[in-house]
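Residue numbers (our numbering): 2 to 333. Glycine included, C-beta positions come from ideal geometry on N, C-alpha and C. This structure is a prediction, so every number in the text was calculated from the model and none was measured.
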Ligand SMILES: [Zn+2]
Ligand SMILES: [Zn+2]
Ligand SMILES: [Zn+2]
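Shown next as structure tokens:
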């Protein structure tokens, strides 16, 4: 985003955010590449990510769009015609300050084996393999993105997509402005900018609560199945029940601390992307509406055990299988 907004007056406006090389002049001129995702880039770094994300054409109005990373599948909102890049993926030119958040995380790993295990899982590394600083930085970015989106998560909405200023490089948000957080309201199947609690088109539901109000309550990581597809996600009990009402079968539900569940989701998203090729349209066409646009959906053959992602979590699957009309699906 931004071709014009980069603040050339600020010192970092003269440095490529990705590699640290000095750039000169206005954006997209001879000695400076186009600005991307709010930050100045050199030409070689800009060229590396020119095809990294693709517009999905999901949002009404045409002013902004949801872009999907071709590599990891994560979503980012940007103004149509502006340039953006993945919130998470760095590249072989990423260096210096753009990896500092990764270096800080890496320094913690020797003392925090559980965290090291999760970063390895995220990066698809076997146990003795060293974690690269880039993988650590990408993990940090994925967690930061998950926390940002979680603040806006609420019952009845799926596929939240936002725009976190400062990612993928800084490991946390750097400035409050963004192209907004958007989501799919499941009941009316419409994409909307999330401004307050309710859908602009539907009457309010008394049971709708923002998850900001639920931050300190236990949170659920769930896995459900429908017609040969698996869908994982996070949320409260009502989210799980919504899938069951839509005809999905329950596979597993694990309860954990809020932050742990968000982290587990970030790892799962990364891993499932690596595990299988993208779903073809005919597989997603008959998904129940509660599955949303299918960004957290994988083929049935992909083996997922939620307990592996949420080690301190409690299996609460039976809480949902005791209700009449629901059956636990054991055929993993
Ligand atoms: Zn550069
Ligand atoms: Zn990516
Ligand atoms: Zn609605």
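Rounded straight-line distance, which links the Cα of residue j to that of residue i
i, j, result
"residue 106", "residue 202", "43 Å"
"residue 68", "residue 163", "10 Å"
"residue 42", "residue 27", "11 Å"
"residue 183", "residue 194", "4 Å"
"residue 272", "residue 305", "10 Å"
"residue 257", "residue 176", "30 Å"
"residue 160", "residue 44", "33 Å"
"residue 79", "residue 63", "11 Å"
"residue 35", "residue 54", "15 Å"
"residue 100", "residue 307", "30 Å"
"residue 143", "residue 83", "23 Å"
"residue 230", "residue 252", "11 Å"
"residue 186", "residue 31", "44 Å"
"residue 20", "residue 71", "21 Å"
"residue 260", "residue 236", "12 Å"
"residue 77", "residue 179", "10 Å"
"residue 172", "residue 38", "14 Å"
"residue 212", "residue 118", "Note that residue 212 scores a pLDDT of 45, beneath 50, so its modelled location is shaky and nothing firm can be said."
"residue 241", "residue 150", "19 Å"
"residue 170", "residue 110", "19 Å"
"residue 293", "residue 25", "44 Å"
"residue 298", "residue 192", "19 Å"
"residue 133", "residue 120", "10 Å"
"residue 167", "residue 89", "11 Å"
"residue 221", "residue 23", "46 Å"
"residue 247", "residue 95", "44 Å"
"residue 91", "residue 138", "8 Å"
"residue 127", "residue 104", "20 Å"
Span of the alpha helix (DSSP H), counted from its first residue to its last, around residue i
i, result
"residue 239", "238-246"
"residue 334", "Absent from the model: residue 334. The displayed extent of the chain is 2 to 333, so no value can be given."
"residue 191", "Counting along the chain, residue 191 falls outside any alpha helix (DSSP H), though it belongs to the beta strand (DSSP E) covering 191-194."
"residue 174", "Counting along the chain, residue 174 falls outside any alpha helix (DSSP H), and DSSP gives it neither H nor E."
"residue 320", "318-322"
Backbone secondary structure at residue i - three-state DSSP
i, result
"residue 233", "strand"
"residue 268", "helix"
"residue 263", "helix"
"residue 77", "strand"
"residue 91", "coil"
"residue 168", "coil"
"residue 106", "helix"
"residue 113", "coil"
"residue 20", "coil"
"residue 313", "coil"
"residue 213", "Because residue 213 sits at a pLDDT of 49, beneath the cut-off of 50, its placement in the model cannot be relied upon, and the following sentence gives the value as read from the coordinates. Residue 213 falls in the helix class under three-state DSSP."
Enclosing beta strand (DSSP E) for residue i [first to last residue]
i, result
"residue 310", "Segment 307-310 is the alpha helix (DSSP H) holding residue 310; no beta strand (DSSP E) there."
"residue 199", "Taken as a continuous stretch (DSSP letters only), residue 199 belongs to no beta strand (DSSP E), as it is neither H nor E."
"residue 226", "220-227"
"residue 188", "Per DSSP, residue 188 belongs to no beta strand (DSSP E) and is neither H nor E."
"residue 257", "250-257"
"residue 71", "Where residue 71 is concerned, there is no enclosing beta strand (DSSP E), given that its DSSP letter is neither H nor E."
"residue 299", "298-300"
Per-residue burial, residue i [other beta carbons within 10 Å of its own, 16 or more giving buried]
i, result
"residue 262", "buried"
"residue 289", "buried"
"residue 113", "exposed"
"residue 249", "buried"
"residue 265", "buried"
"residue 51", "exposed"
"residue 315", "exposed"
"residue 1", "Since the first and last residues shown for the chain are 2 and 333, residue 1 lies out of range."
"residue 318", "buried"
"residue 157", "buried"
"residue 135", "buried"
"residue 190", "exposed"
"residue 313", "exposed"
inquiry  = I'd like the ranges of any alpha helix (DSSP H) spanning at least 4 consecutive residues and lying wholly in the region 24-56.
reply    = 44-49
inquiry  = List, from N- to C-terminal side, the alpha helix (DSSP H) runs of 4 residues or more that fit wholly inside the region 120-165.
reply    = 134-153
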